[in-house]
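Numbering (full-length UniProt numbering), first residue to last: 1 to 352.
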């Protein structure tokens, strides 16, 4: 999706023609080359810390993972791989220094994990639907979803959807810099761009959003008929999940659709109009990326089990490190500490 907003700038002659092109470029310079890279860097740091912690904790407690925990792990791996591509896009706003092969690899990783993140959230909503609405007889269905269908319904489509990146992603010279983007054939540029945009909107938002909205609305209806503190808490969390999902993703896809309609009409647009659309796309895209920082909080940190797992991981680390303190206190009391004690102490310190 990143290339959507960039394709307009990389292929001005193929879709828009206007005077004062370079003046228009200057109007967006602050957002493109300063604000967006800073925002990507912030998302990268928060995403690495949050999703890295989830992967660490879930990996440590793999023997005790529930079906929900498996989805959390899938989601965090997808988000983690996704945020790893953001530094490349931040640098790309200035110049691409990494060559054609890296350009294709980064595009593939980016696209695969952008799709897989949204599709996994749809699977999580299905899992919660079965757990809440069909709590007594849904174990078999939930196991099949978590252990088998998640690979067929999430990772396989996400990999297949990277084919355009494998074919079209490459580097090209744009004025005074090199960029990494999907470069479509000039004569069929509009056809390819519109087709892939509509595919992105359908698979990346509309279908997952329908599943998420349907499942969570049924869950809300079910929980609203129940009483108790835990039920009310679950109801609030469910509503928050829906609101945050649509707040993050809906503005971006609205701008994408507006931009696609403008492109299909084939009219010439003013410099101001084009730059407004590009700026809106860049900003809403950055807001959408925030979701990968919020996912660990929404889907993991609020869970009681995850908090318990995290405490166990760090308490185990403290237990491993505690002999170090004893050894260090003995060293202070001893006149001639032995070589074996020093080596044991340093090995424990490195493991902690």
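We treat Cβ as the ideally placed atom computed from N, Cα and C, and that holds for glycine. As the structure is a prediction and not an experimental result, all values here were calculated from the model.
Limits of the alpha helix (DSSP H) - the one that residue i falls within
i: residue 91; result: 86–92
i: residue 33; result: Per DSSP, residue 33 belongs to no alpha helix (DSSP H) and is neither H nor E.
i: residue 247; result: 229–265
i: residue 109; result: 99–133
i: residue 277; result: 271–289
i: residue 221; result: 207–224
i: residue 146; result: It is not in any alpha helix (DSSP H) - residue 146 carries neither H nor E in the DSSP assignment.
i: residue 167; result: 163–168
i: residue 159; result: 156–160
Buried versus exposed, by CB contacts within 10 Å (16 or more), residue i
i: residue 270; result: exposed
i: residue 140; result: exposed
i: residue 59; result: exposed
i: residue 195; result: exposed
i: residue 49; result: exposed
i: residue 176; result: exposed
i: residue 193; result: buried
i: residue 265; result: exposed
i: residue 295; result: buried
i: residue 51; result: buried
i: residue 286; result: buried
i: residue 73; result: buried
i: residue 288; result: buried
i: residue 191; result: exposed
i: residue 254; result: exposed
According to DSSP, residues forming a beta bridge with residue i
i: residue 173; result: 178
Residue nearest to residue i in terms of C-alpha spacing, selected from the options
i: residue 279; options: 261, 251, 264; result: 251
i: residue 106; options: 168, 257, 49, 133; result: 168
i: residue 259; options: 221, 48, 147, 274; result: 274
i: residue 113; options: 145, 160, 98, 231; result: 160
i: residue 100; options: 133, 71, 166, 117; result: 166
i: residue 234; options: 136, 265, 298; result: 298
i: residue 200; options: 103, 158, 36; result: 158
i: residue 210; options: 186, 37, 246; result: 246
i: residue 83; options: 207, 54, 98, 42; result: 42
i: residue 378; options: 164, 138, 146, 94; result: This structure cannot speak to residue 378, because the chain is shown only from 1 to 352.
Sub-9 Å separation of residue i and residue j beta-carbons
i: residue 212; j: residue 276; result: no
i: residue 96; j: residue 171; result: yes
i: residue 129; j: residue 34; result: no
i: residue 282; j: residue 45; result: no
i: residue 117; j: residue 156; result: no
i: residue 220; j: residue 239; result: yes
i: residue 111; j: residue 180; result: no
Any non-hydrogen atom of the ligand MG within 8 Å of residue i CB
i: residue 77; result: As for the ligand MG, it is missing from this structure, which has no ligand bound.
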